[in-house]
Amino acid sequence: GEYILFSEINNNGVGIRCKTCGKYHPFVKQKIMWLRGHGKRRANDIVAVATECGAYCYGCGSTFEELEKFGIGLAVHHTRGFAENGESYKKIPVCSECHELLNFMQRVRRRQRQPSRQSP
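Here the sequence shown is numbered in our numbering, starting from 1 and rising by one per residue.
Right, dumping it as structure tokens:
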């Protein structure tokens, strides 16, 4: 089928959507989630961040060893949205499950800070 590319602001990438069925990420089985976009690239050195902050998830508190038993990895989380702030703020280690929740909450807060689009 045909595919459409779309910008994904949270990871500075380009998403893929199938034109036929509308499904996002049609290549999940091939472990392709995002294509890297152009422009800013974020530092994603989990070893350096875990060394500085500790090798545990700042979200749920699980240690690297505990997460490893369940096949869950650590990720680098930008404490302030990367799209707006780049590398200006602290990065922390979080497990991949908490990372999704934290990214979601950052998007919610960003929307709350935007002026209302309602007419007076």
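Built from N, CA and C at the ideal position, the CB exists for glycine as well.
What you are looking at is a predicted structure, and each value in this text was computed from that prediction instead of being measured.
Alpha carbon of residue i to alpha carbon of residue j, nearest angstrom
i: D45; j: M105; result: 23 Å
i: G59; j: V49; result: 15 Å
i: P93; j: I16; result: 27 Å
i: V76; j: I4; result: 28 Å
i: R111; j: K23; result: 25 Å
i: E65; j: E2; result: 42 Å
i: V108; j: G86; result: 19 Å
i: T20; j: L101; result: 30 Å
i: K69; j: Y56; result: 13 Å
i: R113; j: E84; result: 13 Å
i: T63; j: N103; result: 20 Å
i: P115; j: F6; result: 25 Å
Proximity below 7 Å, CB of residue i to CB of residue j
i: G61; j: S96; result: no
Residue i versus the options, residue with shortest Cα-Cα distance
i: H99; options: K90, Q114 and H78; result: H78
i: T51; options: G71, R80, K91 and F82; result: K91
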